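Reading through the structure tokens given below for one structure.
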Amino acid sequence: MSHWPESNWSAPWEFVILGFSGWPPELRALLFALLLPLYLATLTGNLLIVGLAVVDAALHTPMYFFLGALSAVEVAYTLVLTPPMLAGFLLPPGGQAVGLSTCAAQMGLFVALGGSECLLLAAMALDRYLAICHPLYYPQLMTMGLCWCLLACCGLGGSLLALGLTTAIFQLPFCHGGLVNHVFCDLPAVLVLACGDRDLQERALLAACLLLLVLPLALILLSYTRVLAVILGVGGATGRRKAFSTVASHLTVAVLHYGCATAMYARPPRSRSLEEDKLVSLIYINLTPLLYPAIYTLRNRDVQGALWRAVGPRTPGAAHQANVT
Numbered sequence: 001m002s003h004w005p006e007s008n009w010s011a012p013w014e015f016v017i018l019g020f021s022g023w024p025p026e027l028r029a030l031l032f033a034l035l036l037p038l039y040l041a042t043l044t045g046n047l048l049i050v051g052l053a054v055v056d057a058a059l060h061t062p063m064y065f066f067l068g069a070l071s072a073v074e075v076a077y078t079l080v081l082t083p084p085m086l087a088g089f090l091l092p093p094g095g096q097a098v099g100l101s102t103c104a105a106q107m108g109l110f111v112a113l114g115g116s117e118c119l120l121l122a123a124m125a126l127d128r129y130l131a132i133c134h135p136l137y138y139p140q141l142m143t144m145g146l147c148w149c150l151l152a153c154c155g156l157g158g159s160l161l162a163l164g165l166t167t168a169i170f171q172l173p174f175c176h177g178g179l180v181n182h183v184f185c186d187l188p189a190v191l192v193l194a195c196g197d198r199d200l201q202e203r204a205l206l207a208a209c210l211l212l213l214v215l216p217l218a219l220i221l222l223s224y225t226r227v228l229a230v231i232l233g234v235g236g237a238t239g240r241r242k243a244f245s246t247v248a249s250h251l252t253v254a255v256l257h258y259g260c261a262t263a264m265y266a267r268p269p270r271s272r273s274l275e276e277d278k279l280v281s282l283i284y285i286n287l288t289p290l291l292y293p294a295i296y297t298l299r300n301r302d303v304q305g306a307l308w309r310a311v312g313p314r315t316p317g318a319a320h321q322a323n324v325t
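Numbering (UniProt numbering), first residue to last: 1 to 325.
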């Protein structure tokens, strides 16, 4: 409970994103120069995967449908968080002022996209489980209609979670000003500014994060455990190598995503350090979205072949070579 009188409890007209405004200007300029190329590379890589998944007929399968959807979510995620963060590096000390509605929208979009990505990774694990463990029934089970239905459910689940959490937080009164000690309007950084009894909101935040992390992660681990058992038990060396490469790529992405999310949100809000959260945010905002397209394009021959067909020379010999590889 806050010791401030209830008459002083009110929502601020605007929030100020402190970011790294307290750091030396030279260091902030260096970070901007380092992170801007990463941002452009992240957009390019994910947009490339989305484009290939749409235009290349060889990639019109459920696995690449979900991969394209994952890259599209990463593009939106990057557009929501990275430009304001980069702009904050160039602003004078004192932080970046944003309106109340802008802060709420930023928080809501972040939660919606992050939650959708968690569910989408689980849908990708389900797809690989059906493809490898039930290959005879896979074409009848994993239809494009089901793919679109799963994608809609992922988006709806993330959006409902975002709406509930954002509404719950911004209905609270605020008595600690509007200084958000983060690079964007993250849930814990805004929640610490609230007055009154925050226990219910903190428990709801922790329960929602655990629910969104534990259940999909359990499904992913169970699916890939069964997939690995099948891969090691049947099939030739070439098929096992290709299937294992696909599973390894998916597991690597899942570990990166859930590892960062767990480190950030799967612990009580009162035990966290906002300064540490800001440093970790540099990783999950700038590095992990960049690694996703690199993991899939470097380890996946189908994506490599689609890329070659898209940018390679348009000659019969080149087309034959692409088909062979």
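Glycine included, every Cβ here is placed at the ideal spot set by N, Cα and C.
Since the structure is predicted, the reported quantities are computational estimates derived from the model, not experimental observations.
Can you give me the C-alpha to C-alpha distance between residue i and residue j, rounded to a whole angstrom?
i, j, result
"P139", "G114", "29 Å"
"T288", "Y137", "34 Å"
"L31", "E276", "17 Å"
"Y292", "V253", "6 Å"
"A122", "T167", "26 Å"
"C133", "G99", "51 Å"
"D127", "V50", "18 Å"
"A41", "L290", "7 Å"
"Q96", "S116", "28 Å"
"V247", "L151", "20 Å"
"R226", "A125", "11 Å"
"L211", "V311", "43 Å"
"L120", "C154", "6 Å"
"G94", "C185", "16 Å"
"A112", "L156", "9 Å"
Measure from the alpha carbon of residue i to the alpha carbon of each residue in the options, then state which is nearest.
i, options, result
"L165", "G155, C209, A123", "C209"
"P84", "L282, I295, C133, V192", "L282"
"L91", "L40, Y39, L18, V303", "L18"
"C175", "C185, N286, A194, L222", "A194"
"G177", "V303, V190, L206, D186", "V190"
"M107", "V255, R309, F15", "F15"
"L67", "L219, I295, G22, V311", "I295"
"L232", "A58, F244, F89, L206", "F244"
"A162", "P25, L213, F110", "F110"
"L228", "L256, Y129, A53", "Y129"
"A261", "W23, D302, L217", "L217"
Beta strand (DSSP E) containing residue i: first to last residue?
i, result
"Q96", "96-99"
The alpha helix (DSSP H) with residue i in it runs from where to where?
i, result
"F170", "144-170"
"G305", "301-311"
"S273", "S273 -> no alpha helix (DSSP H), and no H or E assigned at all."
"Y137", "Element bounds for Y137: n/a, residue is neither H nor E."
"L191", "187-191"
Measure from the C-beta of residue i to each C-beta in chain C and report whether the shortest distance is under 7 Å.
i, result
"V54", "The chain labelled as chain C is not found in the depicted structure, where only one protein chain is given."
So does residue i have its beta carbon nearer than 6 Å to some heavy atom of the ligand COA?
i, result
"G259", "The ligand COA is not part of the structure shown, which contains no ligands of any sort."
#### Entry: Contained alpha helix (DSSP H) runs [length at least 4] in the stretch 9-70, N- to C-terminal order
Fully enclosed alpha helix (DSSP H) runs of no fewer than 4 residues occupy 25-55 of the stretch 9-70, in order along the chain.
#### Entry: Three-pair Cβ contact test at 8 Å for the stretch 170-190 versus the stretch 140-155
These segments do not touch.
### Query
On the three-pair Cβ rule with 8 Å, is the stretch 66-77 touching the stretch 86-104?
Not touching, per the Cβ criterion.
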